[in-house]
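Each residue of the sequence shown is one higher than the one before, counting from 308 in my numbering.
No residue lacks a Cβ here, since even glycine has one placed at the ideal position from N, Cα and C.
What follows is a set of notes on a single structure, which appears directly below.
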Amino acid sequence: MTRFALLLPLLALAACSAPPADAPSSQTPLGRDAARVVPQRAVTEVDYLIVDKSERLMVAYAGGQPVKAWRGLQFGDQPAGHKRFEGDERTPEGRYTIEGRNPGSKYHLSLKVSYPNAEDRAYAAARGRSPGGDIFLHGQPNSLPFGRVPGDWTDGCIAFSNEEIAELWRIVPDGTTIEIRP
Numbered sequence: 308m309t310r311f312a313l314l315l316p317l318l319a320l321a322a323c324s325a326p327p328a329d330a331p332s333s334q335t336p337l338g339r340d341a342a343r344v345v346p347q348r349a350v351t352e353v354d355y356l357i358v359d360k361s362e363r364l365m366v367a368y369a370g371g372q373p374v375k376a377w378r379g380l381q382f383g384d385q386p387a388g389h390k391r392f393e394g395d396e397r398t399p400e401g402r403y404t405i406e407g408r409n410p411g412s413k414y415h416l417s418l419k420v421s422y423p424n425a426e427d428r429a430y431a432a433a434r435g436r437s438p439g440g441d442i443f444l445h446g447q448p449n450s451l452p453f454g455r456v457p458g459d460w461t462d463g464c465i466a467f468s469n470e471e472i473a474e475l476w477r478i479v480p481d482g483t484t485i486e487i488r489p
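And the structure:
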């Protein structure tokens, strides 16, 4: 694969809507910064994550600069659209935080996403439904001897390879903002 082909998902991410005011600066085009992201460099801690569901891409930031990217993310069985209700198998969209970790997860490590927020709960309650919860970034099922489950298979979580989630476990502290875009 050419270096240009590797940059295409990052360029597409730059075209997404502008991040909130305290997010990494949108004044610096991600495409220009992509040289710092690909090839990857060693990272000790990140402070912001942006997930682009349509590109199956997550970019980590440190000090407002992109420092790492993961491709080929796996989502809920119904990946299009924002999670609204328990059991809809969608991955949430919006701004959340990493609020904890579970080393004893039935998936290889897991980082808890703060879904549902107040808006998510109000939307579901107004319709007499539960918004669901237990949304995580996690690895593959512990029962899987190796490799990855094919396709989208979670109930709304974001799945990574076991090696990728081990790295995230190490560099993503609790309290890190995660923005999940359509």
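As assigned by DSSP and simplified to three states, the class of residue i
{"i": "E470", "result": "helix"}
{"i": "L380", "result": "coil"}
{"i": "A367", "result": "strand"}
{"i": "K413", "result": "coil"}
{"i": "Y355", "result": "strand"}
{"i": "I465", "result": "strand"}
{"i": "Y403", "result": "strand"}
{"i": "I478", "result": "helix"}
{"i": "K360", "result": "helix"}
{"i": "E486", "result": "strand"}
{"i": "R408", "result": "strand"}
Residue i, buried or exposed, once every other Cβ within 10 Å from all chains shown has been counted against 16
{"i": "R397", "result": "buried"}
{"i": "G411", "result": "exposed"}
{"i": "T483", "result": "buried"}
{"i": "L557", "result": "Summary: the structure shown does not reach residue 557, with the chain confined to residues 308 through 489, and so no result is reported for it."}
8 Å CB neighbourhood of residue i in its chain, flanking five on each side removed
{"i": "G394", "result": "G439 and D462"}
{"i": "P386", "result": "K360, R397, T398 and D459"}
CB of residue i within 7 Å of CB of residue j, strictly
{"i": "L380", "j": "L418", "result": "no"}
{"i": "K375", "j": "A367", "result": "yes"}
{"i": "I442", "j": "P399", "result": "yes"}
{"i": "E471", "j": "W377", "result": "yes"}
Residue i versus residue j - alpha carbon distance
{"i": "G407", "j": "V420", "result": "8 Å"}
{"i": "N424", "j": "R436", "result": "15 Å"}
{"i": "R430", "j": "R391", "result": "What sits at residue 430 in the sequence shown is Tyr, not Arg. Using only the alpha carbons, I get a separation of about 8 Å."}
{"i": "G388", "j": "I405", "result": "21 Å"}
{"i": "G446", "j": "P373", "result": "22 Å"}
{"i": "E474", "j": "A432", "result": "37 Å"}
{"i": "A453", "j": "I478", "result": "Residue identity check: residue 453 is Phe in the sequence provided, not Ala. In a straight line, the C-alpha of F453 is about 23 Å away from that of I478."}
{"i": "R357", "j": "D384", "result": "Checking the displayed sequence, the identity of residue 357 turns out to be Ile instead of Arg. Rounded to the nearest angstrom, the two C-alpha atoms are 21 Å apart."}
{"i": "P489", "j": "G401", "result": "9 Å"}
{"i": "L451", "j": "F382", "result": "17 Å"}
{"i": "P457", "j": "R434", "result": "34 Å"}
Cβ neighbours of residue i in the same chain (closer than 6 Å, five flanking residues each side left out)
{"i": "Y403", "result": "V420, S421, Y422 and I485"}
{"i": "N409", "result": "S417"}
{"i": "D427", "result": "P438"}
{"i": "W476", "result": "L416"}
Contacts around residue i, its chain only, beta-carbon distance under 7 Å, and the 5 residues preceding and following it disregarded
{"i": "A369", "result": "V350, E352, V353 and D354"}
{"i": "N449", "result": "K413, Y414 and H415"}
{"i": "P480", "result": "E352"}
{"i": "R455", "result": "Q447 and S468"}
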